[in-house]
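Just so you know, the protein sequences line up as chains X and V, in that order.
Numbering-wise, the first sequence is residues 1 to 108 according to our numbering.
Numbering-wise, the second sequence is residues 1001 to 1108 according to our numbering.
Each residue gets a CB set at the ideal place from its N, CA and C atoms; glycine is no exception.
Take a look at the structure set out below.
There are 2 protein chains.
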Amino acid sequence: MIAKTPKPPYYAVIFTSIRTNNTNNYLETAKRMEELAKLQEGYLGIESAREELGITVSYWDSLGAILNWKNNIEHTIAREKGTEIWYESYHVRICKVVREYGFKKESD
Amino acid sequence: MIAKTPKPPYYAVIFTSIRTNNTNNYLETAKRMEELAKLQEGYLGIESAREELGITVSYWDSLGAILNWKNNIEHTIAREKGTEIWYESYHVRICKVVREYGFKKESD
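Written out as structure tokens, the structure reads:
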């Protein structure tokens, strides 16, 4: 569930969103977009959680890979449906990951 | 709920975590840490969501502000309790936000 990413530097897209009440076809499309993202060159991983606010962070090996994914035609059509139907508002932040560290409890 | 951040560049800390079943004092501490973060110099905003995975993204005006927050004594004590009690695993990614865009539905 926590993405296994390589040593920095790499890139992250932080997608923060508030949904509308219209759930029509949303889950199917979100699932399809996650599957499709995984097939893209330069894809490194994805992490997602939603309460009232939704946060999805996808990881990529370059800014070029992020741009290619943005220009993917099926993804573009899904984004257009997103602004028409599923999202009240969203914010996209493109980031360079410069440092990282982690923790994992040892098994008993 | 979506953080209002200034024009890039600025910095983001992506904190991704899996919790243990021990909820003792967790919510109080999480709330206190959010309040305390807001008081730090260079703090820009925070976004948070949890399902099985929790994602909290905090935004800062410099890497120095992130380091100061990491070294804050109350925050350090809370993090130590985090690894002892509340978290099964977590990952921290420190990022430079280089580009962003947003969308907001027009009111009817």
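Which whole-angstrom value describes the C-beta separation of residue i and residue j, a residue pair presumed to lie in contact below a C-beta threshold of 8 Å?
{"i": "E1052 of chain V", "j": "M1 of chain X", "result": "6 Å"}
{"i": "I1094 of chain V", "j": "V98 of chain X", "result": "6 Å"}
{"i": "P1009 of chain V", "j": "L1044 of chain V", "result": "Not quite, the Cβ-Cβ distance comes to about 12 Å (not below 8 Å), so this is no contact."}
{"i": "Y59 of chain X", "j": "A12 of chain X", "result": "5 Å"}
{"i": "G102 of chain X", "j": "H1075 of chain V", "result": "Actually they do not touch by this definition, with Cβ atoms about 18 Å apart."}
{"i": "I46 of chain X", "j": "T16 of chain X", "result": "At roughly 14 Å, the Cβ-Cβ gap does not stay under 8 Å, so I46 of chain X and T16 of chain X are not in contact."}
{"i": "K96 of chain X", "j": "K1096 of chain V", "result": "5 Å"}
{"i": "I14 of chain X", "j": "I1014 of chain V", "result": "7 Å"}
{"i": "A1037 of chain V", "j": "A49 of chain X", "result": "Rounded, the Cβ-Cβ distance is 19 Å, inconsistent with contact."}
{"i": "R1032 of chain V", "j": "W1086 of chain V", "result": "Their Cβ separation, rounded to whole angstroms, is 13 Å, which puts R1032 of chain V and W1086 of chain V out of contact at 8 Å."}
Where does residue i fall in DSSP's three states?
{"i": "G1064 of chain V", "result": "helix"}
{"i": "E1088 of chain V", "result": "strand"}
{"i": "I1073 of chain V", "result": "helix"}
{"i": "L1039 of chain V", "result": "coil"}
{"i": "T16 of chain X", "result": "strand"}
{"i": "T83 of chain X", "result": "helix"}
{"i": "A78 of chain X", "result": "helix"}
{"i": "K31 of chain X", "result": "helix"}
{"i": "K1104 of chain V", "result": "strand"}
Assign residue i to one of two classes, buried (16 or more other C-beta atoms within 10 Å of its C-beta) or exposed (fewer than that).
{"i": "T23 of chain X", "result": "exposed"}
{"i": "G64 of chain X", "result": "exposed"}
{"i": "I1077 of chain V", "result": "exposed"}
{"i": "T83 of chain X", "result": "exposed"}
{"i": "I1073 of chain V", "result": "exposed"}
Quickly, what does DSSP pair residue i with across the bridge? List them, please.
{"i": "K1096 of chain V", "result": "X:K96, V:Y1011"}
{"i": "R1050 of chain V", "result": "V:G1054"}
{"i": "Y26 of chain X", "result": "In the DSSP output, where bridge partners are listed per residue, Y26 of chain X has none listed."}
Name, please, each residue of chain X whose Cβ falls closer than 7 Å to the Cβ of residue i.
{"i": "T1016 of chain V", "result": "I2, E47"}
{"i": "A1012 of chain V", "result": "I14, R93, C95"}
Who are the neighbours of residue i on chain X, taking C-beta pairs under 8 Å?
{"i": "T1124 of chain V", "result": "With chain V running from 1001 to 1108 in the structure shown, residue 1124 of chain V is simply not present."}
{"i": "S958 of chain V", "result": "There is simply no residue 958 of chain V to check, as chain V begins at 1001 and stops at 1108 in what is shown."}
{"i": "K1096 of chain V", "result": "C95, K96, V98"}
Closer than 9 Å by beta-carbon distance: list the chain V residues that pair up with residue i, in chain order.
{"i": "L53 of chain X", "result": "M1001, I1002, E1047, S1048, A1049"}
Taking only beta-carbon positions, decide if residue i is within less than 7 Å of chain C.
{"i": "L27 of chain X", "result": "Judged by its chain identifiers, the structure shown contains no chain C, and its protein chains are X and V."}
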